[in-house]
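Participant: Line by line, the protein sequences are chains A and B.
Our numbering numbers the first residue of the first sequence as 147 and each following residue consecutively.
Our numbering numbers the first residue of the second sequence as 743 and each following residue consecutively.
Ideal placement from N, C-alpha and C gives every residue a C-beta, glycine not left out.
Next up is a structure, given as structure tokens.
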Amino acid sequence: MMDEGIELSLTIAQIIQRLRGSHLHSQIERQAKECLHQPDVKLESLKEDVRSFLKTSGWERKLQNAVYRELHIQLPPRHPPAPPEHLKEPLAYMRKAQASWEKRVLKSLNSMSTELGVPLAHMRPAAEQKELTNKWNEMGTDEPDLSRFRPVYAPKDFLEVLIGLRNPNHDSSEDISARSHWGLIQVPLNVRDIPHLREAYSELNLTSGQMGIDDHALIHPAVLCTHSLFCLHLSCVVVMEEDSAAAQQYSRQGCPTGLRADLWALILNATNQPQDVMHYEQLKAGVIQHNLLVDNLIYKDVKLTASNDDYYFVFEDFLYQVLLCFSRDTAVLEHFKYNSATPPKSYIQGEIISVIPFHGFSMYVAPLCFLYNEPSKLYNVFREMYIRYFFRLHSISSHPSGILSLCLQFERLLQTHLPQLFYHLRQIGVQPLRLAFKWMVRAFSGYLSTDQLLLLWDRILGYDSLEVVAVLAAAVFAFRAENLMEVTSLASAEAVLADLSTLKVMPLIQVFLFATAM
Amino acid sequence: MTPDDTKPVNFTVKAPVYLQIGDTKADTAHSGVCVVDVNLPFGKPVNIEEVTFKNYYTAYVTVRLLRRNPEQEAPAKWCTALRDLPLMDNPHTERGSQDYYTIHRTQMQVEPDHVVCVRLILRQPSLAWLTFSLEDIKIFPHTEPDPEKEVSDWLSDLTLIDQHPDLEGLPDPQTVSSSIQQMWALTEVMQTNQTTASIGRFDVDGCYDISLLSLT
């Protein structure tokens, strides 16, 4: 409960500290120096003239975008008493659970290394390095023997951990809330119900136009043209103005296909500056020099998931190029110093690897390959998406976008608005969360058709939250409710929900949020 | 705002008293109300700047103060400084349950001066939790602010001040950098004003003589 003025000053100080010494800072300084040559910059009004120059040349906008990004990933400043781990995750028992999960994953990796006799990291011999450099763009043609390697963990293992989570101060002795015994998640987190969601996601209202529905060919051409043209024009303006905040607001109603790549890069402020390219090249050099055990896991994951997928198998090579670099990127860890949750990481013979992939991890990257074909740009966008959103899908935290909150929200939405369905499924021994978990943990990647998936991810970026994933999961159950009410076994329930590739996500979400009887 | 080096007041906290409903010990039920008394050092009434604590599943807190006015001979009086401040969004769910809080004197409804005792009344109406309390309670005394301090001083206190290293006889970096900048500007000017005239050799009668060189 701090004074607002104090909080603002602290936020400003934090952002200044983070941007000071950054590449943008030196670029702006250089620009400011160079503009001194301009005739309209006068000594008497030096400060204002330099300022207006920076404004008209677009540098002020770049600075705005950088500040905007910092605000996104920064935590609100708190009065000194709160220690850093509290800022990451306020609940002590969650911190403990996350730490023990991380330990378990690492132990699993270490025992795999011992079992297979493969070191966690070793330097590649010179011949191998040369070969890899030549083959960099076609690593998919390699067919290494990966039969001995198995994923460190699968989503269902993680689900068991989430189900077992208990608050030591929670009184579960009485049947105070029968609802908590219906579902699997036993942690009482704050999750939003439909009335609140309607307010928060008002742009998705049935009366507002959405990209992907209202530009469909079935609509009268005259209406279609005007609406589409308007949206296209608006998005062009947003991209030209290079305004991150406007791009984010715009994305809430979906991005036009041709401009999606630029809009997403703007929202994430993932510019492809020379130093970003250089950073990527450094990571690539690291991949060539050392072979990590984790690399084999990445290979295996890509081969098992993305390569088998009708939409994504063409991008196999890109996936290797991104994921192998990502697992070595210690800058990712830098980010987690000041943001919540720490993904499983380890020191391996002096090298830190940042993220230990699990089965299906490559599906976070695959959809992005449709938007970006330049490896370092693809890498930057993926990295931003990961540190803002995806890491929350496989970490234990109380964050509203964390997988635990999403699971609880899914269960609650179903229990509140489809109680008969929930009851029926429980009767036949099926827990709905066990069916929906694999969708949510991958943010539906690999389950929806790509164009629909990208429309969903538009909203994740637009609303800066993964809540839509939980809402969509509930909406899918609502859509298939009739069929689900008739099934009598787990296998048939799974069969009903097996194929989501024909679904149109936005109408489902809109109907669920705005047409459900209250 | 409290400067970082202000020390909290030393006080004793009595054991929290959880109010019970019911007559006999065997028949009691938790009422969801708990009272924590904080006795400030005897004979040294405090002017409170702020109260900080860490929450543990308390939903609402009421702050009452026992103040004794030193001038008047009247007995000390209790007053309510803050009533039912919500610490948890929803008493049944986790948000705010383990957060750190600060109650500043400006948030209080009365002036927290000459305070002898602080009484915190904690409420947790939800049956979801086994227990609730406040931890790590600290009370910071009010210090008279420097009258000249303005908002702009605030911001400069908060932003990083570059640490000037011990120079030990070396010239001041600022003057060096500004003179370098001047020289750089000179070179820029020279670059833009290049002429095709050749630079005449500074020799006299075919030989260089240092003493004849002049800088123009």
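Going along the chain, which residues of the segment 227 to 254 of chain A sit with their C-beta nearer than 8 Å to a C-beta in chain B?
Facilitator: Result list: Pro227, Ala228, His232, Pro236, Leu237, Ala238.
Participant: Taking 8 Å as the threshold (beta carbon to beta carbon), is alanine 757 of chain B in contact with chain A?
Facilitator: Not an interface residue.
Participant: Taking 8 Å as the threshold (beta carbon to beta carbon), is leucine 869 of chain B in contact with chain A?
Facilitator: Yes - at least one Cβ of chain A is within 8 Å of the one on leucine 869 of chain B.
Participant: What first and last residue would you give for the alpha helix (DSSP H) that runs through isoleucine 331 of chain A?
Facilitator: Taken as a continuous stretch (DSSP letters only), isoleucine 331 of chain A belongs to no alpha helix (DSSP H), as it is neither H nor E.
Participant: Starting from glutamine 762 of chain B and walking both ways along the alpha helix (DSSP H), at which residues does that stretch end?
Facilitator: First-last for glutamine 762 of chain B: 759 to 763, but that is the beta strand (DSSP E), not the alpha helix (DSSP H).
Participant: With a threshold of 7 Å on Cβ separation, who are the neighbours of isoleucine 365 of chain A within its own chain once the five nearest residues in sequence on each side are excluded?
Facilitator: Bear in mind that a pLDDT of 49 at isoleucine 365 of chain A, under 50, signals an unreliable position, so the number given afterwards is only what the model happens to contain. Excluding positions up to five away in sequence, the list is empty.
Participant: Considering only residues of the segment 582 to 638 of chain A, which uninterrupted alpha helix (DSSP H) runs meet the minimum length of 4 residues and lie entirely inside it, listed in chain order?
Facilitator: Fully enclosed alpha helix (DSSP H) runs of 4 or longer: 596 to 609, 613 to 625, 627 to 632.
Participant: From this set, A:Pro521, A:Leu335, A:Met531, which residue's C-alpha is nearest arginine 215 of chain A's C-alpha?
Facilitator: Closest option to arginine 215 of chain A, Cα to Cα, is A:Met531.
Participant: Could you check where the alpha helix (DSSP H) with isoleucine 845 of chain B kicks off and where it finishes?
Facilitator: That residue, isoleucine 845 of chain B, is in no alpha helix (DSSP H); its beta strand (DSSP E) goes 842 to 846.
Participant: According to DSSP, is leucine 649 of chain A part of a helix, a strand, or is it coil?
Facilitator: It is coil, neither helix nor strand.
Participant: Would serine 875 of chain B and threonine 794 of chain B qualify as a contact pair, given that the criterion is a beta-carbon distance under 8 Å?
Facilitator: No.
Participant: Tell me which residues share the same chain as glutamate 886 of chain B and place their Cβ nearer than 7 Å to its Cβ, disregarding the 5 neighbours each side in the sequence.
Facilitator: There are no such residues.
Participant: Taking CB distances under 8 Å as the criterion, tell me whether leucine 170 of chain A reaches chain B.
Facilitator: Leucine 170 of chain A does not count as touching chain B.
Participant: Determine the direct distance from the alpha carbon of leucine 612 of chain A to that of proline 546 of chain A, and round the result to whole angstroms.
Facilitator: Rounded to whole angstroms, proline 546 of chain A to leucine 612 of chain A spans 8 Å at the Cα level.
Participant: Hey, glutamine 851 of chain B and leucine 827 of chain B: beta-carbon distance below 8 Å or not?
Facilitator: It is not a contact, given that the beta carbons lie outside the stated cut-off.
Participant: Using a Cβ-Cβ cut-off of less than 9 Å, give me the residues of the segment 328 to 340 of chain A that come near chain B, in sequence order.
Facilitator: Hits within the stretch, in order: Val333, Pro334, Leu335, Asn336, Val337.
Participant: Report the neighbours of serine 544 of chain A on chain B: residues whose CB is nearer than 9 Å to its CB, in chain order.
Facilitator: Under the 9 Å cutoff, chain B gives Glu836, Arg837.
Participant: In terms of alpha-carbon separation, which member of A:His505, A:Ile549, A:Leu602 lies closest to tyrosine 299 of chain A?
Facilitator: The shortest Cα separation from tyrosine 299 of chain A among A:His505, A:Ile549, A:Leu602 belongs to A:His505.
Participant: Between which two residues does the alpha helix (DSSP H) harbouring proline 521 of chain A extend?
Facilitator: From DSSP, the alpha helix (DSSP H) with proline 521 of chain A extends over 521 to 534.
Participant: Would you please verify whether the beta carbon of histidine 316 of chain A is less than 8 Å from any beta carbon of chain B?
Facilitator: Closer than 8 Å: yes.
Participant: For the structure I just gave you, are there three or more beta carbon pairs, one from the segment 257 to 272 of chain A and one from the segment 866 to 873 of chain B, closer than 8 Å?
Facilitator: Verdict: no, contact absent.
Participant: Grab the span of the beta strand (DSSP E) containing cysteine 181 of chain A for me, first residue to last.
Facilitator: From DSSP, cysteine 181 of chain A is part of no beta strand (DSSP E); its letter is neither H nor E.
Participant: Apart from the five residues just before and just after aspartate 878 of chain B, which ones in its own chain have a Cβ nearer than 7 Å to its Cβ?
Facilitator: These residues qualify, in order along the chain: Phe795, Lys796.
Participant: Cutting at 7 Å between CB atoms, please list the residues of its own chain near valine 251 of chain A, excluding the five before and the five after it.
Facilitator: Excluding positions up to five away in sequence, the list reads Val298, Tyr299, Pro490, Ile502.
Participant: Going by the DSSP bridge assignment, what does isoleucine 790 of chain B pair with across the sheet?
Facilitator: The partner list for isoleucine 790 of chain B (beta bridge, DSSP) reads B:Pro883.
Participant: Could you work out which residues of chain A lie near glutamine 840 of chain B, taking near to mean beta carbons separated by less than 7 Å?
Facilitator: Correct list: Pro236, Leu237, Ala238.
Participant: So, are the CB atoms of serine 591 of chain A and methionine 652 of chain A less than 8 Å apart?
Facilitator: No, the pair does not count as a contact, with Cβ atoms beyond the cut-off.
Participant: Where are the alpha helix (DSSP H) runs, 4 residues long or more, that stay fully inside the segment 252 to 304 of chain A, in chain order?
Facilitator: Fully enclosed alpha helix (DSSP H) runs of 4 or longer: 272 to 280.
Participant: Does the distance from the C-beta atom of leucine 666 of chain A to that of glutamate 640 of chain A stay below 8 Å?
Facilitator: Given a span of 147 to 664 for chain A in the structure shown, any question on residue 666 of chain A remains unanswerable.
Participant: If the cut-off is 7 Å on Cβ atoms, which residues from the segment 851 to 880 of chain B count as contacting chain A, listed in chain order?
Facilitator: Flagged, chain order: Leu869, Ala870, Trp871, Leu872, Thr873.
Participant: Along chain A, in chain order, which residues have C-beta atoms closer than 7 Å to that of tyrosine 799 of chain B?
Facilitator: The contacting residues are Asn315.
Participant: Here's the rule I'm using: 16 or more other beta-carbon atoms within 10 Å means buried, otherwise exposed. How should glutamate 557 of chain A be labelled?
Facilitator: Answer is buried; the Cβ neighbour count reaches 16.
Participant: Examine chain A for any beta-carbon lying closer than 8 Å to the beta-carbon of aspartate 689 of chain B, and answer yes or no.
Facilitator: With chain B running from 743 to 958 in the structure shown, residue 689 of chain B is simply not present.
Participant: Thinking C-beta only, is valine 468 of chain A closer than 8 Å to phenylalanine 528 of chain A?
Facilitator: Closer than 8 Å, so yes.
Participant: What does aspartate 831 of chain B touch in chain A if you count any residue whose Cβ is under 8 Å from its own?
Facilitator: Residues of chain A passing the Cβ test: Asn336.
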